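Chemist: Take this structure, written in structure tokens, and hold onto it; I'll ask about it next.
There are 2 protein chains.
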Amino acid sequence: MVAAALCVCIAPTAAGPGIPEIKAYLNGIDTPNMFGAPTLIVKIIGSIAAVSAGLDLGKEGPLVHIGSCIASLLGQGGSTRYHLTWKWLRYFKNDRDRRDLITCGSASGVCAAFRAPVGGVLFALEEIATWWRSALLWRSFFSTAVVVMVLRGFMEFCRSGHCGLFGKGGLIMFDVSDVTVSYHPMDLLPVVVIGIFGGFLGSLYNYLLHKVLRVYNLINEKGKLHKFLLSVSVSLITSCFLYSLPFLAPCTPCDPSISEPCPTTGRTGNFKQFNCPPGHYNDMATILLSTNDDAVRNIFSTSTPSEFLTLSLIIAFLLYCFLGLVTFGIAVPSGLFLPIILMGSSLGRLLGLSMSQYTRIDQGLFAVLGAASLMAGSMRMTVSLCIIFLELTNNLLLLPMMMLVLLISKTVGDCFNPSIYEIILHLKGLPFLEAHAEPWLRNISVGNLIRAKEEIVSLSGVEKVSQVLAVLRNTTHNGFPVVDMPPISPVPELHGMVLRAHLLEVLEKRWFFRERRRSSEEEVTERFSSWDLAKRGRKIEDVVVSEEEEEMYIDLHPFTNMTPYTVMESMSVAKAVVLFRQVGLRHMLVMPKSQVAGGSPVVGILTRQDLIANNIKSAYPHLLRRGKSRHSLS
Amino acid sequence: MVAAALCVCIAPTAAGPGIPEIKAYLNGIDTPNMFGAPTLIVKIIGSIAAVSAGLDLGKEGPLVHIGSCIASLLGQGGSTRYHLTWKWLRYFKNDRDRRDLITCGSASGVCAAFRAPVGGVLFALEEIATWWRSALLWRSFFSTAVVVMVLRGFMEFCRSGHCGLFGKGGLIMFDVSDVTVSYHPMDLLPVVVIGIFGGFLGSLYNYLLHKVLRVYNLINEKGKLHKFLLSVSVSLITSCFLYSLPFLAPCTPCDPSISEPCPTTGRTGNFKQFNCPPGHYNDMATILLSTNDDAVRNIFSTSTPSEFLTLSLIIAFLLYCFLGLVTFGIAVPSGLFLPIILMGSSLGRLLGLSMSQYTRIDQGLFAVLGAASLMAGSMRMTVSLCIIFLELTNNLLLLPMMMLVLLISKTVGDCFNPSIYEIILHLKGLPFLEAHAEPWLRNISVGNLIRAKEEIVSLSGVEKVSQVLAVLRNTTHNGFPVVDMPPISPVPELHGMVLRAHLLEVLEKRWFFRERRRSSEEEVTERFSSWDLAKRGRKIEDVVVSEEEEEMYIDLHPFTNMTPYTVMESMSVAKAVVLFRQVGLRHMLVMPKSQVAGGSPVVGILTRQDLIANNIKSAYPHLLRRGKSRHSLS
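Residue numbers (full-length UniProt numbering), protein chains in the order written: chain D, 1 to 634; chain Y, 1 to 634.
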């Protein structure tokens with residue numbers, strides 16, 4: 001209830017994992033209020049509340065988001081709204097450094113969640129980041145190294161046991177290194193079977209989760225109370241199931257050959273007594289009545305082939321599937337990793353039990369492979385999952401099997417639908433730029449797109465204040481081409497592009513001239529510093545200009561980016577998309593193929609929204625048809 | 001002698017590691033004869049010969065090159081010269097797929113060398129590749145997975161021992177997993193010391209190797225015999241040292257508490273008897289009179305704190321430093337990994353011995369950390385080295401220490417000079433495009449560059465055969481702008497860019513018209529297929545055209561890339577470099593800022609060579625000065 005109330009009332013962006021939004025941010029899409037201080041605080045408290053309520057969700061996604069929030073606040077120099085700013089941090093106050101910091105923050109989040117430093121770096125690289133360079137690789141490596149040192153330090157400090165369960169297991173969360181993995185050709189078959197099952201069920205999970213999220217969206221739109229009640233009822237249902245289902249399981253007598261105490265005496269352990277007589281344990285209680293971390297540890301437990309009954313595993317698997325589907329969309333901070341690991345490990349152990357007479361692979365390893373395979377089937381990562389599981393389980397000899405499982409289940413999953421994060425991105429309507437343009441975009445030229453769009457709004461090099469105000473008020477564009485018109489230039493000539501934020505800054509500072517003239521360099525530098533132009537977040541509604549001032553002029557030349565990236569109108573959209581994404585643009589100017597005397601030197605301006613394949617498909621169906629017919633001709 | 005003779009006479013490109021050239025190829029620089037069948041065969045035989053001669057070099061670099069050669073031959077559809085072509089492989093016969101295949105090949109090479117599948121992928125990502133995308137990540141992951149399966153299969157087959165030493169140690173080459181790593185604050189200091197030493201000595205090694213390679217270049221230029229004799233004399237010196245130095249070491253009595261047979265009875269082992277009486281061993285013979293792999297294994301050996309004497313380790317370290325410097329540049333296939341690991345591990349063990357009373361870290365771990373630190377100090381990789389060492393040693397708990405060492409030694413090394421591969425690239429004069437443009441390039445516009453270059457050579461849309469021939473004969477450019485002149489177009493208009501290879505193909509097929517006219521689509525498709533235009537390697541000298549034909553015309557329109565990437569002449573060189581590298585261009589057209597009536601619609605064409613910072617510095621010192629003065633003004 002605390003988690004849901006906070007998420008509903010204070011920071012709705014703190015609900016969910018946050019990973020898709022971080023991915024979108026690093027692709028160039030800024031979701032409002034995603035990285036603010038309120039989101040951070042709600043995410044921390046909410047995540048603690050949600051996990052301790054026993055909901056079927058993980059702390060991994062939230063930790064990634066928390067890491068990114070901290071990184072982003074550092075990149076802003078602190079929170080301006082709450083007057084917590086550090087002066088020395090202003091050097092990072094630019095888009096690029098902020099993006100780098102957020103990447104490092106998300107890598108640190110994964111590292112903290114799984115105690116997997118290299119896995120964290122690779123997760124950031126494979127799943128989150130859009131632009132990557134070698135310097136960023138080792139910066140994020142550095143930040144995860146610091147995380148792991150700090151973790152180690154705390155564990156050393158908590159060795160005496162006065163921090164509760166923290167630090168249990170050291171840096172390895174789910175150790176299965178005591179099993180010697182021997183390879184026999186016969187073992188290959190079960191591994192392939194797990195991979196196929198994982199890929200198929202993972203994509204089925206993606207499909208069903210998409211449907212559930214759409215239903216939840218309808219409910220959530222009805223108001224805050226509906227949102228809150230939905231979360232609370234899911235929590236109630238979860239508690240009922242977790243407490244009542246173990247009563248269905250029969251009591252199993254303890255196996256005297258196992259050295260672990262049975263039934264379990266402490267808070268953690270493999271053999272929960274629950275409702276059973278002494279000397280017996282309830283295997284379903286072992287799974288369901290533990291923290292999620294402990295449940296995974298119990299299912300991964302090795303050298304205990306007969307610990308779990310088939311019926312218990314089937315019930316656990318079905319329960320986790322149901323809870324995993326209904327829990328993710330509610331308004332609390334939630335991660336996807338742990339629910340899928342829970343589902344996958346019970347699936348793996350089930351498959352292991354059913355194939356136990358054909359293979360000598362340990363049941364615990366089956367659970368690990370099952371978890372990996374369902375993860376790859378749903379999230380479609382390979383290298384980073386491989387390393388994360390390696391760092392979780394500390395068994396390097398499992399590597400070849402793990403790679404095989406991951407590759408098979410990713411391949412199977414890719415046959416059906418995209419990865420879960422892509423589905424969520426699409427559902428949220430974020431205009432994500434993919435690495436590759438769809439093939440049919442090759443048949444449409446940017447000139448076609450431009451002609452189908454509304455007319456271009458351009459400013460002249462020295463512009464009337466009233467005209468600038470009108471343009472800013474009547475459009476929502478963030479960039480405008482600046483064209484020098486006679487008498488400033490003999491023929492119309494493209495000077496460059498000016499940003500809305502800079503125009504607002506000039507209006508705010510009232511840097512107006514009475515006559516239509518160009519300014520000198522000294523006039524500019526005495527009024528504007530680079531810090532002024534780095535400010536963001538002004539609104540046109542806040543600008544008040546007197547009638548007299550409206551008749552004055554602004555010289556836009558000093559604020560114009562004189563060399564924007566340009567393309568010819570004959571260029572294909574596919575090629576333009578490559579340029580747009582690779583160089584990381586926000587606006588792209590389109591130039592005419594040949595200059596007609598007196599014609600405009602710029603045909604149009606393209607933004608991210610114009611280049612998203614789905615937008616083109618829905619907005620300009622006639623272009624698509626023409627593209628298709630041209631395609632069939634060639 | 002065999003290795004040197006093969007490298008000198010048949011395939012000079014097979015000498016050395018080949019990694020810098022692969023790196024350059026993936027950056028867009030094609031070194032001739034680098035990936036051919038002769039290079040592959042010489043590399044395989046030469047590498048076997050060189051390693052078995054006991055030279056201080058590794059098989060790792062050559063294996064990476066071998067992997068890339070095989071990949072490249074597959075990408076070409078086999079070797080055309082030796083009539084070994086497979087028809088179905090022609091689908092990969094394009095630059096992009098060939099580049100992907102070579103990346104996968106090099107990842108597989110590292111995987112085969114170190115039995116490190118994930119390390120191989122990361123090595124290819126961090127060190128070798130220039131452009132990277134998610135699909136490539138998992139393709140290379142797939143190829144290393146196949147490598148590791150095949151390796152496993154062979155090991156299973158060789159379990160009975162009839163393949164000699166192959167497969168010893170399973171998938172883990174240098175296992176140190178039997179040591180429990182415990183962390184104490186006091187252990188941090190030795191780790192930091194190793195990092196600093198490694199970084200400093202690594203950059204010193206880079207510096208000295210650069211000097212040695214320059215001397216060797218002078219010797220090698222004198223002729224094949226000099227080259228051959230140099231290699232043979234280095235081999236002789238190596239053999240003399242390796243055999244004679246162990247006589248200097250005193251005999252050590254065997255420690256009865258150690259379970260390993262002492263002195264060693266088989267071919268491998270930690271306690272070589274050499275010249276000692278029974279019950280004694282010669283510790284220097286253990287290091288020097290083994291294969292390089294075994295030497296590393298012996299130095300890494302754990303729980304043997306007093307096995308090696310300080311004097312022996314000092315001598316071994318100095319010897320490896322000397323041999324590492326003189327061996328690398330000789331004309332045999334050689335890798336850098338193993339020499340540096342040998343140096344680093346003896347350094348680490350030495351440091352460990354000298355700090356043994358202050359720390360409880362095992363001597364074997366000191367050797368591992370020393371090797372990692374010298375590698376990072378010389379090669380400046382982080383994540384990939386971390387994973388490679390993890391996969392080599394199978395001790396996940398070493399990870400935090402390893403990360404710390406790598407980060408410190410990379411940082412220290414970066415203070416002095418660039419990485420060894422960058423030094424070699426520079427020495428070979430390969431025009432490598434760095435990810436970042438140097439800051440002073442921001443002050444030069446591409447217009448300045450173009451005006452300092454010779455005049456642009458452009459062709460008109462329908463061009464006379466004699467003119468095309470003259471242009472191809474008198475220039476070495478690979479691309480020419482095509483400008484439509486009156487009467488084809490009312491005003492001069494840029495149509496696009498045509499490639500030399502396509503012009504040669506048209507000349508070869510004699511697709512000439514008697515009159516100055518444009519062709520129809522049918523005329524083109526009936527004569528040219530896309531396979532024709534994918535051909536490479538024709539020379540203008542082979543084209544014979546009669547005098548009558550020289551008076552005829554070629555329509556260049558069908559062969560013109562109508563939408564080349566263009567930049568304005570006012571754009572800064574730094575921005576142009578970003579575009580050039582990110583989109584992966586070979587030619588970039590420069591457009592005039594404003595169109596003058598009747599003026600040329602294209603100002604110039606820039607290639608990779610024009611955009612390399614050093615070339616600009618040496619060719620146009622006046623631009624640099626102007627740039628500087630302008631910079632000091634602003």
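Built from N, CA and C at the ideal position, the CB exists for glycine as well.
Everything numeric in this text was worked out from a predicted model, so none of it was measured.
I'd like to confirm something about R349/Y: is its beta-carbon nearer than 7 Å to some heavy atom of the ligand FMN, or not?
Modeler: Looking at this structure, you won't find the ligand FMN or any other ligand, since it has none at all.
Chemist: Run through the segment 349-391 of chain Y for me and flag every whole alpha helix (DSSP H) of 4 or more residues, listed as ranges in chain order.
Modeler: Fully enclosed alpha helix (DSSP H) runs of 4 or longer: 363-379.
Chemist: Suppose the cutoff is 6 Å on Cβ atoms and the five residues either side in sequence are ignored; what does the same chain contact list for L122/Y look like?
Modeler: Hits under 6 Å: V383, S384, I387.
Chemist: For the segment 162-232 of chain D, which segments carrying the alpha helix (DSSP H) assignment without a break, of at least 4 residues, lie completely within its bounds, in sequence order?
Modeler: For the segment 162-232 of chain D, whole alpha helix (DSSP H) runs of length 4 or above, ordered along the chain, are 188-221.
Chemist: Output needed in chain order: residues of the segment 114-142 of chain Y with a Cβ under 7 Å from some Cβ in chain D.
Modeler: Taking 7 Å as the Cβ-Cβ cut-off against chain D, the residues of the segment 114-142 of chain Y that qualify are P117, V118, V121, E126, W132, R133, S134, L137, W138, F141, F142.
Chemist: Compare the C-beta of S632/Y against all C-beta atoms of chain D and say whether one is closer than 8 Å.
Modeler: Because S632/Y sits at a pLDDT of 35, beneath the cut-off of 50, its placement in the model cannot be relied upon, and the following sentence gives the value as read from the coordinates. No, its Cβ sits nowhere closer than 8 Å to a Cβ of chain D.
Chemist: Taking the beta carbon of M571/D as the centre, do at least 16 other beta carbons fall within 10 Å, making it buried, or is it exposed?
Modeler: Buried, by the Cβ-count rule.
Chemist: Determine, using beta-carbon pairs with one atom in the segment 343-362 of chain D and one in the segment 190-200 of chain D, whether at least three such pairs fall under 8 Å.
Modeler: Because the criterion of three Cβ pairs below 8 Å is met, the segment 343-362 of chain D and the segment 190-200 of chain D touch.
Chemist: Does any C-beta atom of chain Y lie closer than 8 Å to the C-beta of A619/D?
Modeler: Cβ-Cβ to chain Y under 8 Å: no for A619/D.
Chemist: Quick one: grab the DSSP three-state call for E455/Y.
Modeler: In the structure shown, E455/Y sits in coil (DSSP, three-state: anything other than H, G, I, E or B).
Chemist: Please state whether DSSP places E307/D in a helix, a strand or coil.
Modeler: Three-state result, E307/D: coil.
Chemist: Are the C-beta of M571/Y and some C-beta of chain D separated by less than 8 Å?
Modeler: Yes, M571/Y counts as interfacial toward chain D.
Chemist: Tell me the DSSP secondary structure of E522/Y in three-state form.
Modeler: Looking at E522/Y - three-state DSSP - the assignment turns out to be helix.
Chemist: Using a Cβ cut-off of 7 Å, pull out every chain D residue sitting near N394/Y, in sequence order please.
Modeler: Under the 7 Å cutoff, chain D gives L396.
Chemist: For P333/D and chain Y, any beta-carbon pair shorter than 8 Å?
Modeler: No, because no Cβ of chain Y sits closer than 8 Å to the Cβ of P333/D.
Chemist: Work out the CA separation of G164/Y and V179/Y for me, nearest whole Å.
Modeler: Rounded to whole angstroms, V179/Y to G164/Y spans 28 Å at the Cα level.
Chemist: In the segment 572-591 of chain Y, which residues sit with their C-beta less than 7 Å from some C-beta in chain D, listed in chain order?
Modeler: Under the 7 Å Cβ criterion, the segment 572-591 of chain Y contributes S572, K575, V578, L579, Q582, V583.
Chemist: Using the three-state DSSP reduction, which class does K43/D fall into: helix, strand or coil?
Modeler: Note: K43/D maps to helix in three-state DSSP.
Chemist: Counting only runs that start and end within the segment 468-541 of chain D, where is the alpha helix (DSSP H) found for 4 or more residues in a row?
Modeler: Counting whole runs of 4 or more residues, the segment 468-541 of chain D contains the alpha helix (DSSP H) stretches 500-509, 521-527, 530-534.
Chemist: So is M186/D in contact with chain Y if we call contact Cβ pairs under 8 Å?
Modeler: Taking Cβ atoms only, chain Y never reaches closer than 8 Å to M186/D, which makes this a no.
Chemist: Measuring straight from C-alpha to C-alpha, what distance separates W511/D and S466/D?
Modeler: Taking the straight line joining both Cα atoms gives about 14 Å.
Chemist: Look at the alpha carbon of F92/Y and the alpha carbon of T607/Y, and state the distance between them as a whole number of angstroms.
Modeler: Distance between the alpha carbons of F92/Y and T607/Y is about 26 Å.
Chemist: Within the segment 281-351 of chain Y, note down every full alpha helix (DSSP H) run reaching 4 residues or more, in order along the chain.
Modeler: Fully enclosed alpha helix (DSSP H) runs of 4 or longer: 283-288, 292-300, 310-327.
Chemist: Is any beta-carbon of chain Y found at less than 8 Å from that of G627/D?
Modeler: Because the pLDDT at G627/D is just 45, under 50, the model does not fix this residue reliably, and the point stays unresolved.
Chemist: If you drop the 5 nearest sequence neighbours on each side, which residues of the same chain put their C-beta closer than 7 Å to that of S634/Y?
Modeler: For S634/Y, the predicted structure reports a pLDDT of 31, less than 50, and the residue's modelled location is therefore unreliable. A value from the coordinates is still provided. Cβ neighbours of S634/Y beyond the five flanking positions: none.
Chemist: What's the gap between the Cα of M591/D and the Cα of L579/Y?
Modeler: Straight-line Cα distance between these residues: approximately 17 Å.
Chemist: Please check the pair D187/D and T359/D, which I expect to be a contact at CB under 8 Å, by giving their CB distance rounded to whole angstroms.
Modeler: Rounded, the Cβ-Cβ distance is 5 Å, consistent with contact.
Chemist: Leaving out five residues before and five after L338/D in sequence, what residues of the same chain have Cβ atoms less than 6 Å from its Cβ?
Modeler: G58, N292.
Chemist: Can you tell me whether S290/D is buried or exposed? The criterion is at least 16 other CB atoms within 10 Å of its CB, across all chains shown.
Modeler: Buried, since its Cβ has 16 or more Cβ neighbours within 10 Å.
Chemist: Establish whether the CB of M149/D and some CB of chain Y are separated by less than 8 Å.
Modeler: Interface residue, yes.
Chemist: Which stretch, first to last residue, makes up the alpha helix (DSSP H) that contains T560/D?
Modeler: Here T560/D belongs to no alpha helix (DSSP H), and DSSP marks it neither H nor E.
Chemist: Quick one: what's got a C-beta closer than 8 Å to D610/D's C-beta in the same chain, skipping five residues either side?
Modeler: Around D610/D: L449, K453, I616.
Chemist: Which of the three DSSP states is assigned to H436/Y in this structure?
Modeler: If DSSP states are grouped into helix, strand and coil, H436/Y belongs with coil.
Chemist: Measure how close the beta-carbons of I299/D and S346/D come, nearest whole angstrom, since I'm counting them as under 8 Å.
Modeler: Sure, about 6 Å apart at Cβ, within 8 Å.
Chemist: With DSSP collapsed to three states, give me the class of M588/D.
Modeler: Three-state result, M588/D: strand.
Chemist: What is the DSSP secondary structure of L606/D, counted as helix, strand or coil?
Modeler: Note: L606/D maps to strand in three-state DSSP.
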